[in-house]
Amino acid sequence: MDAITELLKSFPFLLLGAWETLKLTAFSVGIGVILGTFIGMGRLSKVKFINYLCTAYVEFLRGTPLLVQISIVYFGLPQLGIQLAPYPAAITALGLNSGAYIAEIVRAGIQSIPRGQYEASRSLGLTHWQTMRYIILPQAFRNILPALGNEFITLTKDSSLASVIGVSELMRRGQFVISRTFQTFSIYFGIAFIYFLMTFVISRIVRYIERRMATA
Amino acid sequence: MKKFISSLLVGVLLLSISLSFAQSLTEIKKRGKLLVGTEPTFPPFEFVGEKNQVEGFDIDIANELAKRLGVKLEIVNLPFDSLIPALQQGKIDMVIAGMTITEDRAKVVYFSKAYFEANQAIVVRKDEKFEPKKLEELVGKKVAVQLGTTGDLVVSEINGVNVVRFQKFTDAFLELQNGRVDAVVLDEAPAKSYVKKFPKFSISAVIGTGETYGIAVKKGNKELLNFVNQTLDILKSSGTYNKLIQKWFE
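Going line by line, the protein sequences match chains A and B.
So in numbering that gives the first Met the number 0, spot 105 of the first sequence is number 104, and the numbers just go up one at a time.
So in numbering that gives the first Met the number 0, spot 232 of the second sequence is number 231, and the numbers just go up one at a time.
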């Protein structure tokens, strides 16, 4: 019984952590989308240097654990004179990481638009960037929306790794409550429930937008 | 593309410059806050209380230090094994985290005078017949500890003990409760508060290791170390220290 009262008592405290988690995720996905769009286009660039650079970025960031990346940004970068507080460090690491995954999503999205559209647009006198900006990317975005939603959900869960550098998000707050109340099971279960609630709502919202865009 | 990358780099740099991190006394005063690193999952030394504030014996000491510097206290919460790296990297001014003074740690940080004497407790399940009175009796058994703590160190020194290490001591207890380990070894104070709350566990022995807690500052920072030592002396002679002991341990 103690377990449930302690969980209810600490629930507002945990919800604040959930809010931190959502903010952390939103910022990181924001960075990831911007970064991923450019890197995804870079992956298709005919300029070999840019192409290699972007490929290397994606391979490296996807090929190393996020936990290691977070530790490098927080504990490693000070060696280079870059001191980040826990929160910016977490956003940087999560953003850079999701940038790599989103780059692949964007690349697939661009490739899903028939090449003929690009050629038609260029022959109408639009530049490469105009074609990307007004013809290819808007359509690609619609196609990749489900995958982006997926990335958002993945990152919501992965943001719990920021607890290792002391960001007081949901996971970390749960650990605080557990250390005081010793109610390990009920608190971890409560946390899992809140995470599920968040990802469930996000997936519903993404599905709603998808449907709206399908009819547009 | 190039422009984008360079502007991103500039952004990251600006972000880093806007946050000042330093440790000398004058710089702490100029900054107006003392950055104290701790892992607030270690009651009664540091934990997040019912008011969702970090509190505890160590935090009160940190407050006294900040008060005497005339600055605000800012608690930087980090996992225990990240505290010394954070200190080395200049993320925090000092560590007050129930940290035992050990030879290995003293190689990389400066420790203040001891401010607390702590022993290790062996915690077992009551319904088991296993009641070790000495650390040596743990040979051949599975023992859970918190990663990087003294419990971890003393148990790891004994050959033949199967040590399982966890980030949180509460996870170690969960393992004991689930019957996957035979004992948990940790500091006496948190062990006592845990056993009080869960009578199905008991402390089978308290091992006097002669270990003491100290406040860690960055290696080389004699100025801050002297300040911490002087303040600890003042707290003890003025009776504040005894009041804090009564407040948190009796």
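Think of the CB as a built atom: it goes at the ideal place given N, C-alpha and C, for glycine as much as any other residue.
These numbers were taken from a predicted model, which means no experiment stands behind them.
Query: Three-state secondary structure assigned by DSSP to M212 (chain A); Result: helix
Query: Sufficient close CB pairs (3 or more, under 8 Å) joining the segment 177 to 197 of chain B to the segment 102 to 120 of chain B; Result: yes
Query: Under the three-state DSSP convention, the category N177 (chain B) falls into; Result: coil
Query: I244 (chain B) versus I71 (chain A) - alpha carbon distance; Result: 39 Å
Query: Close beta carbons around G213 (chain B), own chain, < 6 Å, minus the five adjacent residues each side; Result: I100, F110, S111, A113
Query: Inter-residue spacing [alpha-carbon to alpha-carbon] between F140 (chain A) and F188 (chain A); Result: 36 Å
Query: Touch test, the segment 31 to 42 of chain A against the segment 104 to 122 of chain A, Cβ-Cβ under 8 Å, three pairs minimum; Result: yes
Query: Identified DSSP bridge partners for L24 (chain B); Result: DSSP lists no partner for L24 (chain B).
Query: CB contact check: S178 (chain A) to chain B, cutoff 7 Å; Result: yes
Query: Through-space distance from P87 (chain A) to L18 (chain B), alpha-carbon basis; Result: Because the pLDDT at L18 (chain B) is just 44, under 50, the model does not fix this residue reliably, and the value given afterwards should be weighed accordingly. If I take the Cα positions, the gap works out to 10 Å.
Query: Chain A contact residues for V75 (chain B), given Cβ-Cβ distances below 7 Å; Result: G165
Query: C-alpha gap between G115 (chain A) and F10 (chain A), whole angstroms; Result: 55 Å
Query: Local conformation of D59 (chain B) per DSSP, three classes; Result: helix
Query: Option nearest I83 (chain B) by Cα separation, candidates B:F41, B:K106, B:L72, B:A61; Result: B:K106
Query: Stretch pair the segment 131 to 144 of chain B + the segment 170 to 187 of chain B: three plus CB contacts closer than 8 Å; Result: yes
Query: CB of L64 (chain B) within 7 Å of CB of T230 (chain B), strictly; Result: yes
Query: Residue from B:E222, B:N161, B:K32, B:V184 with nearest C-alpha to S208 (chain B); Result: The amino acid occupying residue 208 (chain B) in the given sequence is Thr; Ser does not appear at that position. Per the Cα distances, B:V184.
Query: Chain-ordered chain A contacts of F46 (chain B) [CB-CB under 8 Å]; Result: F175, S178, R179
Query: Start-end ranges of the beta strand (DSSP E) lying completely within the segment 58 to 145 of chain B, minimum 3 residues; Result: 71 to 76, 108 to 110, 115 to 124, 141 to 145
Query: Chain B within 7 Å of F10 (chain A), Cβ atoms only; Result: no
Query: Cβ of P77 (chain A) within 7 Å of any chain B Cβ; Result: yes
Query: Whether W247 (chain B) touches P43 (chain B) by CB criterion (7 Å); Result: yes
Query: Endpoints, the beta strand (DSSP E) within which S201 (chain B) is located; Result: 200 to 212
Query: Chain A contact for P84 (chain B) (CB, 7 Å cutoff); Result: yes
Query: Whole-Å CB distance - A260 (chain A) paired with R61 (chain A), under 8 Å assumed; Result: Because chain A in this structure spans residues 0 to 215, residue 260 (chain A) falls outside the shown range and cannot be described.
Query: Buried or exposed by the 16-neighbour rule on C-beta atoms within 10 Å, applied to T126 (chain A); Result: exposed
Query: Secondary structure of L185 (chain B), DSSP reduced to three states; Result: strand
Query: Partners in chain A for L173 (chain B), counting only beta-carbon separations shorter than 8 Å; Result: T183, F184
Query: Closer than 8 Å at the beta carbon, the chain B residues around F74 (chain A); Result: S81, P84, A85, Q88
Query: Below-7 Å beta-carbon distance, T40 (chain B) vs any chain A residue; Result: yes
Query: Collapsed DSSP secondary structure at K217 (chain B) in the structure displayed; Result: strand
Query: Three-state secondary structure assigned by DSSP to E103 (chain A); Result: helix
Query: Neighbouring residues, chain A, relative to K196 (chain B) (Cβ below 7 Å); Result: F181
Query: Assumed close pair T148 (chain B), I177 (chain A) - CB separation to whole angstroms, cut-off 8 Å; Result: So it is not a contact: roughly 17 Å between Cβ atoms.
Query: Coarse secondary structure for K47 (chain A), derived from DSSP in three states; Result: helix
Query: L13 (chain A) versus L224 (chain B) - alpha carbon distance; Result: 37 Å
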